[in-house]
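Only one structure is covered here, and it is reproduced in the block below.
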Amino acid sequence: MTQLSGPVPTVDEHHLDRRFYPHGIAFMDGQYLAMSEAKISVLDWGFLHSDATYDTVHVWNGRFFRLDLHLDRFWGGMKRLRMKQPYDREQVASILNNCVALSGHKAAYVEMICTRGSSPTFSRDPRQAENRFIAFAVPFGSVANEEQLEKGLRVAISETVRIPPKSVDPAIKNYHWLDLVKGLFDAYDRGAETALILDTNGHVAEGPGFNVFLVRDGALRTPAFGVLPGITRRTVFDLCAEIGLSATATDISRAEIKDADEVFITSTAGGIMPVTHIDDVAIAKGQVGPITRRLMDLYWQKHDDPVWSTAVIYP
Ligand code: PLP
1 MTQLSGPVPT
11 VDEHHLDRRF
21 YPHGIAFMDG
31 QYLAMSEAKI
41 SVLDWGFLHS
51 DATYDTVHVW
61 NGRFFRLDLH
71 LDRFWGGMKR
81 LRMKQPYDRE
91 QVASILNNCV
101 ALSGHKAAYV
111 EMICTRGSSP
121 TFSRDPRQAE
131 NRFIAFAVPF
141 GSVANEEQLE
151 KGLRVAISET
161 VRIPPKSVDP
171 AIKNYHWLDL
181 VKGLFDAYDR
191 GAETALILDT
201 NGHVAEGPGF
211 NVFLVRDGAL
221 RTPAFGVLPG
231 ITRRTVFDLC
241 AEIGLSATAT
251 DISRAEIKDA
261 DEVFITSTAG
271 GIMPVTHIDD
281 VAIAKGQVGP
291 ITRRLMDLYW
301 QKHDDPVWST
311 AVIYP
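Residue numbering for the sequence shown follows our numbering, beginning at 1 and increasing consecutively.
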């Protein structure tokens, strides 16, 4: 039997905070809190059943990038999940602003979350749950580190199949990540840095927190089916329209992506990020391609443009 006697370990609050809580500000239950104070009940169905939707927008140089598109997607997710929370769109925008402003971050990763919550009577009926709204702002984070942005990522295609859209609508941004995490472990086992997983038809779908594009003969393609309609993906379409490049959403086979001239991934966490190796194949001779570079430059330039971004109001 396990012995329970012996010294009780003490918790070094400071150490705990630094390891698990980046500097940031959260909003929950009507209050702004340090990240270390923002905690939910283990009975919240967001935690117990992954019954939640969320969105992540980033702030760069003190400006939100495409905030309206993120709010639209968040509201669409809540509607489809039949969730309601007490704040309207303007109030949520101002809560997000306040989280960033109170944190002082000029480059931030800003999340808005709606969980099913739980029922005050512990009923199992989701209609009786009180939905919960949470928001937070922490330092900007990226799928790719600086070296990977410069040299390109090494990606492995995992045999893991993304949860089918008929089970979970990918347009509802969600935390059903067991397939993506399995893909990630497959990729690590094969010496890669991240993963692409497949759709139910065996085509390339997406990866843990990102969409994917290929470039072939000057035209761009991205998977159409079974993926989150990413805001960065949408931004790539908008940038292509602006500079006269063709971009289409279609099925992409594993062979096609490995035979591409260029490949990149897209996410709010990092923007447009080059891929230079897929499994054992070097893409663009292992170099970051010219169209990827051009789009990366343009993407970051748009962050200071008031048509694409909104200034955070700092105190
Ligand atoms: N696909 C998945 C599964 C994601 O979780 C994300 C972002 O978290 C993306 C794609 C990229 O979406 P966005 O460009 O809106 O960040």
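All C-beta atoms in this analysis are idealised placements derived from N, C-alpha and C, irrespective of residue type, glycine included.
Using C-beta distances below 7 Å, list every residue in its chain close to residue i, excluding the 5 sequence neighbours before and after it, in chain order.
i	result
N61	K106, H303, D304
T310	R63, F64, L67
With burial defined as no fewer than 16 other Cβ atoms inside 10 Å of the residue's Cβ, what is the status of residue i: buried or exposed?
i	result
F20	exposed
E206	buried
S103	buried
G226	buried
A255	exposed
Just to confirm my understanding: we take residue i, look at its own chain, exclude 5 residues before and 5 after, and list those with CB closer than 8 Å. What are they?
i	result
M1	Residue placement at M1 is flagged as unreliable, the pLDDT there being 49, under the threshold of 50; a coordinate-derived value is accordingly withheld.
Q85	M78, C114, N131, R132, F133
Q3	Low confidence applies here, because Q3 scores a pLDDT of 49, under 50, leaving its location unreliable; read the following figure in that light. Excluding positions up to five away in sequence, the list is empty.
A187	V155, A156, S158, E193, T194, A195
Which of helix, strand or coil does DSSP assign to residue i?
i	result
I157	strand
H203	coil
M83	coil
W145	Checking the sequence shown, residue 145 turns out to be Asn, not Trp. Coil.
I278	strand
What does DSSP give as the partner residues of residue i in its beta bridges?
i	result
R63	W60, A311
A52	T115
N174	According to DSSP, which records beta bridges pairwise, N174 is partnered with nothing at all.
N211	T266
V110	V57, A137
G271	S267
Y21	For Y21, which the question treats as bridged, DSSP gives no partner whatsoever.
P223	T250
So, at 6 Å on beta carbons, what are the nonlocal neighbours of residue i in its own chain, with the 5 sequence-adjacent residues on each side left out?
i	result
I243	none
T276	G152, I283, G286
E13	Legend: pLDDT at E13 = 45, less than 50; position of this residue unreliable, no value from coordinates given.
S50	Y175, H176
- prompt: Do three or more CB pairs link the region 118-130 to the region 151-161 at distances below 8 Å?
  reply: Taking 8 Å as the limit for Cβ pairs, the verdict is that the region 151-161 does not touch the region 118-130.
message: I'd like to know if the region 182-192 and the region 223-238 are in contact, where contact means that at least 3 CB-CB pairs between them fall below 8 Å.
response: Contact check between the region 182-192 and the region 223-238: fewer than three CB pairs, one atom from each, fall below 8 Å, which does not count as touching.
- prompt: Would you say the region 167-183 touches the region 134-150, given that touching needs at least three Cβ pairs under 8 Å?
  reply: Output reads no: the region 134-150 does not touch the region 167-183.
field: Any 3 or more C-beta pairs closer than 8 Å across the region 211-219 and the region 255-269
entry: Here the region 211-219 lies against the region 255-269, with 3 or more beta-carbon pairs under 8 Å apart.
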